[in-house]
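Numbering (our numbering), first residue to last: 913 to 987.
In structure tokens:
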């Protein structure tokens, strides 16, 4: 989608969150994922590989990509 439409979608998502609603976003864009998410669920071939909250040390591109490629996130 174009930049204007993306901004409009982000605004709607942010409004819903402020209203206390859950928003599920599917994206392969890492900056978008890290910027918009409170929690990230990483799936590979239909299997959940990791669930990472924003306050976790694993809430970063390196850890999420490691999980996406089949690695494990050690605590």
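No residue lacks a Cβ here, since even glycine has one placed at the ideal position from N, Cα and C.
Looking at residue i: is its Cβ nearer than 8 angstroms to the Cβ of residue j?
| i | j | result |
| --- | --- | --- |
| residue 955 | residue 948 | no |
| residue 962 | residue 946 | no |
| residue 964 | residue 971 | yes |
Tell me which residue opens and which closes the beta strand (DSSP E) that residue i is part of.
| i | result |
| --- | --- |
| residue 991 | Here the chain covers residues 913 to 987 and nothing more, so residue 991 does not appear. |
Can you tell me the Cα-Cα spacing of residue i and residue j, whole angstroms?
| i | j | result |
| --- | --- | --- |
| residue 967 | residue 914 | 31 angstroms |
| residue 922 | residue 983 | 31 angstroms |
| residue 933 | residue 951 | 14 angstroms |
| residue 919 | residue 943 | 14 angstroms |
| residue 917 | residue 929 | 19 angstroms |
| residue 940 | residue 975 | 15 angstroms |
| residue 981 | residue 957 | 10 angstroms |
| residue 935 | residue 953 | 13 angstroms |
| residue 973 | residue 979 | 10 angstroms |
Discussion item. Please give me, in chain order, every unbroken run of the alpha helix (DSSP H) with length at least 4 that falls completely inside the stretch 914-973.
Written reply: 915-930 and 942-948
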